[in-house]
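Take a look at the structure set out below.
Protein chains: 2
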Amino acid sequence: MTKSNTSPLSGTRDFLAIDVLKRAYVIKTIERVYQGFGFEPLETPAIERLETLLGKYGEEGDQLIFRIMKRGEKLTRVVESQPTEDRLADSGLRYDLTVPLARVAAEYQARLPRYFKRYQIQPVFRADRPAKGRFREFIQCDLDVVGSTCMTVEAEVLNAAAEVLNRLGFEGTSSFTIRLNHRAVLRSLMHVAGIDSQLEESALVAVDKLDKIGLDAVHAELIERGVPRASAAQLINRLKEAPEENAEMLGWLRALLTSSAEGLKGVADLENVLRYASSGAAAPHLRIDPYLARGLSYYTGPIFEVAVENYSGSVGGGGRYDDLIGMFSGRKIPACGFSLGLERILLIMEEQALFPTQLAGQPQVLLTLFDEETIPAVLELATRLRQSGIRVDVYPEPAKYGKQFKYADQRSIRWAVLMSPRELESGSLVVKDLVSGDQQEVEIGSVPEWLAERVI
Amino acid sequence: MTKSNTSPLSGTRDFLAIDVLKRAYVIKTIERVYQGFGFEPLETPAIERLETLLGKYGEEGDQLIFRIMKRGEKLTRVVESQPTEDRLADSGLRYDLTVPLARVAAEYQARLPRYFKRYQIQPVFRADRPAKGRFREFIQCDLDVVGSTCMTVEAEVLNAAAEVLNRLGFEGTSSFTIRLNHRAVLRSLMHVAGIDSQLEESALVAVDKLDKIGLDAVHAELIERGVPRASAAQLINRLKEAPEENAEMLGWLRALLTSSAEGLKGVADLENVLRYASSGAAAPHLRIDPYLARGLSYYTGPIFEVAVENYSGSVGGGGRYDDLIGMFSGRKIPACGFSLGLERILLIMEEQALFPTQLAGQPQVLLTLFDEETIPAVLELATRLRQSGIRVDVYPEPAKYGKQFKYADQRSIRWAVLMSPRELESGSLVVKDLVSGDQQEVEIGSVPEWLAERVI
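Chains as they are written, first to last, in the working numbering: chain A, 13 to 468; chain B, 13 to 468.
Quick look at the structure:
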């Protein structure tokens, strides 16, 4: 036996009890809300065909895919001829949940309902350089509606996301804003500022950095990217004069884009999103931001991003992408989705102390073991307590009480039951509150009831 | 856009809604029971260091590990020199949950409680040849207690496993038996039959097949493996005369093994397991079977296996393995565990119709959309229904009712709400029971209450 490196691989994490329970608390909340909105769950394998994964995430993305090596003879043949990265591997690890969704939408077309409203909460894998808050294995929580172009979809998706944050306790100093924009509006704004359609994509990359680098730097970058000075100035100045309030903003945009049918359609979409979402959890948080860009180039309609007060970055985002889900089906399938950033949410909840003090799943009572003779009686009591719905740990072997209380403390168990042969004979046990130190005699038959009243 | 192969990779599976919900139902039951027994959850990464995985599962196991390729320069260097399987890869996929447990026990020694009672429910990956019921990615459900040699551990582990099966509805034609044996008893039985200790391991392999090939074939195989004819005959004859009932069996074993201190210790252990477990769910199912072998060579004490009536194979098994968990710590750490076979359990539950008719998580009500004008009112009703805890799907766009009912049917939604402008004006909606075809007018304000009474 030799000491080995037993830390988890760089960029991956072990989750001990308290972390698993905290993560499960958030995930269960997400699931419950998403199910409440009529979404159904989907799970796909961690391992996908390499051909399914490659070419979907850009060149940089392809490099971040974990490739799984061929085995046996297949591998030998490749090694003996001309081994290349792609020839050595035959499969890879799931990189996101959108490509699997597209694959599933193609594969089960005939079995899936006309509108496929699914959520998927599973780990994804990226061979990225590990950094603070960036992991090589992390959970994605995706919510998507496949099959409809109606803005009810956007409204429902946004209301579901906002409802999750509400249920998790995001309010006060950690309240949130949902920034809402539309790709057509953004494009038309560039167009009316005189930016050539060939420069649009490039200009969008600059505008996308607004949050991080500020107005002046975006202005400079636009010019650097070849946008004419006049156009860049016009775009930036417009931004400065845009009104705050949503209804005013819609009017302002409509006036500005009056010459662009595409732009006006975008404004109408946004108006419908606001109108349809008005009774739901998202309503008070929605703010139209005509310069929200979101990096991913596959968006085609409304886009959104959730920011939490006093925190930079976002806890989630999404939008409409009508050209992506059909990638395996060979036909155009509209879709709109939202992805919650679980790791960011956990981080903020930790800092803002948003977790319940007692997490569901933690043991509530420790039955101590005085000696061997009493073991059957103690285990019988354990059975009865568990039948009353109490989570009961039994110290596995007789030991000094001090040792057993220390163990209870390590496991954050508040109540300890003491049961010596003398106590068994008297028909009364001692229950000790390890927080206050108080202890009380309780008649053995009423212990389950006595504890049930106190542990919840 | 071209048609690609969109089926999941051979040996892996996609799980659509109903399958996810069924699996979640079983997993939640397992979790709740294990937490009730004071166990804490653990989650480890899917990707482990190759050095952590290799050499732990025998030569055959090593071949079944999915290896992840190095990337970038590291890969180039290997490819350009002498590429070998091990040099091309730097990590691999989790093969089981026991090695990660051992790694975690070593890594977090100082933080973990004195006795580490953990469960872990996560997928494992094996590059096995796919076959019926054998997958390359499948969930393992492990329960282990690390740190104690006391038989309370075996009793608790067995009671927890049996409680899971009880809660899942295993009874009647799908009731179960927990076969219980002890490695020391098995070894001593061989010893008193005159089987040389060097032949023990090999003889064990033969005995392990008893279930599958029967007495005579085991007899023949023992001789084939070099066991003297007299010894083989004695071992087989003993088996024939062994009593059925547990207490008699213990007496019979004690008499037989009277000359073997090791054997008697084993019998005493088994007696304690029975005594300690007597008040729990396992008690009526436990049956001592002195020829249960269980393949894995790492067991050191009691071993057990759960068989379901009318089904061959097992739905779970485990035992004590006092020499394994210390593999990374460089010291001996006792442990005992149990692994439930989720896939087998699901299969039997399906065949025996043990799932609840309405699985938690399915949508309960569909709000139909009559026209665009009514969308805000419909979505407002959706919000109110969800606030009452009802799971509500909204048809995403206006369409003929027939289409919308068909969609509800595809999603197994029983209740549909109809809301035209005329109905909105009248203040009463129509709720349709899609199973019976009945429909009823309900005053709009009382719809949540009306439906809440019916959907649960």
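Just so it is clear, CB atoms sit at the ideal spot from N, CA and C, and this is done for glycine as well. Only a predicted model underlies this, so the values are computations on that prediction, with no experimental measurement involved.
Simplified DSSP state of residue i, which is helix, strand or coil
i: L28 (chain A); result: coil
i: R287 (chain B); result: helix
i: M202 (chain A); result: helix
i: I190 (chain A); result: strand
i: T18 (chain B); result: coil
i: V45 (chain A); result: helix
i: M81 (chain A); result: strand
i: M13 (chain A); result: For M13 (chain A), the predicted structure reports a pLDDT of 45, less than 50, and the residue's modelled location is therefore unreliable. A value from the coordinates is still provided. Correct three-state label for M13 (chain A): coil.
i: G23 (chain B); result: coil
i: G104 (chain B); result: strand
i: K129 (chain A); result: strand
i: A143 (chain B); result: strand
i: R61 (chain B); result: strand
i: L113 (chain B); result: helix
i: L54 (chain A); result: coil
i: E183 (chain A); result: coil
i: L124 (chain A); result: coil
i: R148 (chain A); result: coil
i: I39 (chain A); result: helix
Proximal residues of chain B, C-beta to C-beta of residue i below 9 Å
i: L192 (chain A); result: Neighbours of L192 (chain A) on chain B: none; closest Cβ ~16 Å, over 9 Å.
Expected contact under 8 Å - CB spacing of residue i and residue j to nearest Å
i: H231 (chain A); j: A244 (chain A); result: 6 Å
i: Q452 (chain B); j: V459 (chain B); result: Actually they do not touch by this definition, with Cβ atoms about 11 Å apart.
i: A117 (chain B); j: S341 (chain B); result: 7 Å
i: M163 (chain A); j: V285 (chain A); result: 5 Å
i: P53 (chain A); j: Y127 (chain A); result: Actually they are not in contact, since the Cβ atoms of P53 (chain A) and Y127 (chain A) sit about 16 Å apart, beyond 8 Å.
i: P410 (chain A); j: L381 (chain A); result: 5 Å
i: G292 (chain A); j: S200 (chain A); result: Contact flag wrong, Cβ pair sits at about 28 Å.
i: L222 (chain A); j: Y311 (chain A); result: Not confirmed; about 16 Å, so no contact.
i: L251 (chain A); j: L227 (chain A); result: 7 Å
i: F367 (chain A); j: K34 (chain A); result: 6 Å
Per-residue contacts from residue i into chain A (C-beta, under 9 Å)
i: L354 (chain B); result: Here the premise fails: no neighbours, minimum Cβ distance about 13 Å.
i: N258 (chain B); result: Residues of chain A passing the Cβ test: none, with the nearest at roughly 15 Å.
Short Cβ contact (8 Å threshold) for residue i with residue j
i: D102 (chain A); j: K129 (chain A); result: no
i: G330 (chain A); j: G349 (chain A); result: yes
i: L358 (chain B); j: V38 (chain B); result: yes
i: R306 (chain A); j: I300 (chain A); result: no
i: R423 (chain A); j: P125 (chain B); result: yes
i: R25 (chain A); j: I80 (chain B); result: no
i: L463 (chain B); j: L397 (chain B); result: yes
i: V219 (chain B); j: L282 (chain B); result: no
i: E385 (chain B); j: P433 (chain B); result: yes
i: I133 (chain B); j: E43 (chain B); result: yes
i: S8 (chain A); j: Q364 (chain A); result: Shown here, chain A extends from 13 to 468; a query on residue 8 (chain A) therefore has no answer.
i: R106 (chain A); j: F137 (chain A); result: yes
i: I77 (chain B); j: E149 (chain A); result: no
i: R356 (chain A); j: G313 (chain A); result: no
i: V169 (chain B); j: L180 (chain B); result: no
i: R403 (chain A); j: G48 (chain B); result: yes
Chain B contact residues for residue i, given Cβ-Cβ distances below 8 Å
i: G73 (chain A); result: Result: empty, since nearest Cβ-Cβ is about 13 Å, beyond 8 Å.
Proximal residues of chain A, C-beta to C-beta of residue i below 7 Å
i: T24 (chain B); result: P57 and I59
i: S458 (chain B); result: Residues of chain A passing the Cβ test: none, with the nearest at roughly 18 Å.
i: P368 (chain B); result: Within chain A, no residue comes near P368 (chain B); the closest Cβ sits about 15 Å away, beyond 7 Å.
i: F340 (chain B); result: S16 and T18
Contacts that residue i makes with chain A (C-beta to C-beta distance below 8 Å)
i: I80 (chain B); result: F78, R79, I80, M81 and L105
i: T164 (chain B); result: L381, I387, L391, V406, P408 and E409
i: Y120 (chain B); result: D26 and L28
i: S19 (chain B); result: E119
Contact set between residue i and chain B, taken where Cβ atoms lie within less than 7 Å
i: Q47 (chain A); result: G373 and R403
4 or more residues per run - each alpha helix (DSSP H) lying fully within the segment 408 to 454 of chain A: 413 to 422 and 433 to 438
Those runs of the beta strand (DSSP E) which lie wholly inside the segment 302 to 338 of chain B and span at least 3 residues: 314 to 320 and 328 to 332
Those runs of the alpha helix (DSSP H) which lie wholly inside the segment 203 to 283 of chain B and span at least 4 residues: 212 to 219, 222 to 236, 241 to 253 and 258 to 268
Segments assigned alpha helix (DSSP H), at least 4 residues, entirely inside the segment 339 to 420 of chain B: 354 to 363 and 387 to 399
Uninterrupted alpha helix (DSSP H) stretches inside the segment 153 to 179 of chain A (no shorter than 4 residues): 164 to 179
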